[in-house]
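One structure is given below, encoded as structure tokens.
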Amino acid sequence: SSKLNNDNSDVQEKLREAEMIRLENERLRSELNTHKKEINVLRGERDSLMNTISKLDIELTQAEHQRMVQQQPQQKPKKK
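For reference, each letter of the sequence shown is one residue, going 244 to 323 in my numbering.
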């Protein structure tokens with residue numbers, strides 16, 4: 244009977260451990276999903292910033308070009 248009790252308590256202990264592992268896995272999976280969502284949000288923000296930088300770069304290039312054109316001495320039409 245003592246052997247049976249020991250086996251039973253071993254089984255109970257293993258079940259407890261298995262349940263703890265299951266709960267920990269669940270917690271980690273949930274944490275992982277949260278991180279994945281955060282990563283997606285950050286990627287979206289990064290892409291948005293890259294777009295803004297591209298637009299600003301284009302605007303700056305156009306403004307510099309405009310300035311260069313305006314700074315060139317005006318060519319006077321030559322008199323014949």
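Positions of the beta carbon are idealized from the N, C-alpha and C atoms, including for glycine. Keep in mind the model is a prediction, meaning the values are calculated, not measured.
Measuring only the C-alpha atoms, how far is residue i from residue j?
i              : j              : result
leucine 266    : leucine 292    : 39 Å
arginine 259   : aspartate 253  : 10 Å
asparagine 249 : glutamate 256  : 10 Å
serine 245     : methionine 263 : 27 Å
arginine 272   : leucine 285    : 20 Å
histidine 308  : aspartate 290  : 27 Å
leucine 299    : asparagine 283 : 24 Å
leucine 275    : asparagine 294 : 29 Å
asparagine 268 : alanine 261    : 10 Å
Using C-beta distances below 8 Å, list every residue in its chain close to residue i, excluding the 5 sequence neighbours before and after it, in chain order.
i              : result
isoleucine 406 : Because the chain spans 244 through 323 in this model, residue 406 falls outside it and cannot be assessed.
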